[in-house]
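Here is the structure we will look at.
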Amino acid sequence: MSVMEEGSEPRGEPRLQVWIGNNDPIAAEQLGKFIRELAVDYRRQTEGQLVLVRLELGSTFLEFADQAVAYSNYVAAPLVFMEAAKRMRQFYKFLAKQLKGPSDDQLLLRPPLDPSSARLLEIAANAKADLRITQVAEVKTIELKFPEVLMRNEAAKIKKKKRNKAAAAEGGIYNTPVEFGEITERVRAQALSDPNQLESLIEIVVGLLRSSGAGHQLPSLAQNLEAHNLWQAAVIVRRHIVAPKQVNLRDDG
1 MSVMEEGSEP
11 RGEPRLQVWI
21 GNNDPIAAEQ
31 LGKFIRELAV
41 DYRRQTEGQL
51 VLVRLELGST
61 FLEFADQAVA
71 YSNYVAAPLV
81 FMEAAKRMRQ
91 FYKFLAKQLK
101 GPSDDQLLLR
111 PPLDPSSARL
121 LEIAANAKAD
131 LRITQVAEVK
141 TIELKFPEVL
151 MRNEAAKIKK
161 KKRNKAAAAE
171 GGIYNTPVEF
181 GEITERVRAQ
191 ALSDPNQLES
201 LIEIVVGLLR
211 SSGAGHQLPS
221 LAQNLEAHNL
231 WQAAVIVRRH
241 IVAPKQVNLR
251 DDG
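The opening position of the sequence shown corresponds to residue 1 in UniProt numbering, with each subsequent residue numbered one higher.
Rendered as structure tokens:
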């Protein structure tokens, strides 16, 4: 698609471009989930806020910017620009590690992908599409042809399945998904009324989930809190999440 090669934005601008070479339309629900998950991953990795500044259809093209410089005259605020550029470089490196990562024969030895990377691979695989992500400032590009997209998406699904299997085994008989709505509202109320007690409340919630055999659902709770902009609470929850051992990923069961 020519829009990727033309690079309409000036060199040096801290933006991220995502191109999916689909021929058939992509479901709005899937695209919406990807945009939301990408923003959450950006906030988690950089503490910045990502905004969508451009969307083109046909082949799908999305352009994102750091909110700090998305619509401002950052030439007058070089420090703001440099901080935003640093965040964008950091996030691009994160995506490169997620989407390209190790050699093909090592794919199943890695932990499961973060939400936005897994969603992007799934969308491109379902669309039988090539995939490109470009960091505009340094003109760096991650490029995956459809066969590689398909392979990495299958590996991601296998790893997720094994993680869920291990989590279910750890959780014993408690395999019913937890409804987080009430928990989220209580956390929000606590954050507004007495933020100094927020950590104590989260500790209690984590303890209750673990004692009921639902400790494996802590990542879902953290993502739910992030989706509701309760970032501090999500950080506290993530302190209690133990990464799965790689040996479990090698075990085909």
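Every residue, glycine too, gets a C-beta built ideally from N, C-alpha and C.
Measure the beta-carbon distance from residue i to residue j and round it to whole angstroms, keeping in mind my assumption that it falls under 8 Å.
{"i": "residue 226", "j": "residue 40", "result": "5 Å"}
{"i": "residue 15", "j": "residue 61", "result": "With a Cβ gap of about 12 Å, residue 15 and residue 61 do not count as contacting."}
When DSSP labels each residue in this structure, what does residue i get in the three-state scheme?
{"i": "residue 79", "result": "helix"}
{"i": "residue 34", "result": "helix"}
{"i": "residue 150", "result": "helix"}
{"i": "residue 202", "result": "helix"}
{"i": "residue 29", "result": "helix"}
{"i": "residue 69", "result": "helix"}
{"i": "residue 230", "result": "coil"}
{"i": "residue 162", "result": "helix"}
{"i": "residue 97", "result": "helix"}
Where do the N-terminal and C-terminal ends of the alpha helix (DSSP H) with residue i fall, by residue?
{"i": "residue 120", "result": "115-126"}
{"i": "residue 183", "result": "181-193"}
{"i": "residue 239", "result": "Careful: residue 239 lies outside any alpha helix (DSSP H) and carries neither H nor E."}
Looking at the secondary structure, which residues open and close the beta strand (DSSP E) in which residue i lies?
{"i": "residue 20", "result": "15-20"}
{"i": "residue 63", "result": "60-66"}
{"i": "residue 49", "result": "Unbroken run through residue 49: none, as it is neither H nor E."}
Run the proximity test for residue i: is its beta-carbon closer than 6 Å to any non-hydrogen atom belonging to the ligand NAD?
{"i": "residue 46", "result": "Inclusion of the ligand NAD in the displayed structure is not the case, the ligand content being empty and no account of it being possible."}
Considering only DSSP beta bridges, list what residue i is partnered with.
{"i": "residue 157", "result": "The partner list for residue 157 (beta bridge, DSSP) is empty, contrary to what the question assumes."}
{"i": "residue 89", "result": "According to DSSP, which records beta bridges pairwise, residue 89 is partnered with nothing at all."}
Query raised in the report: Would the segment 205-221 and the segment 28-42 be scored as touching if the rule is three or more Cβ pairs under 8 Å?
Result: no
Query raised in the report: Quick one: any contact between the segment 190-204 and the segment 150-157, if contact means 3 or more CB pairs under 8 Å?
Result: no
Report task. Report yes or no: do three or more beta-carbon pairs, one from the segment 91-101 and one from the segment 53-60, lie closer than 8 Å? Result -> no
Query raised in the report: Is the segment 43-51 in contact with the segment 17-28, if contact means three or more CB pairs nearer than 8 Å?
Result: no
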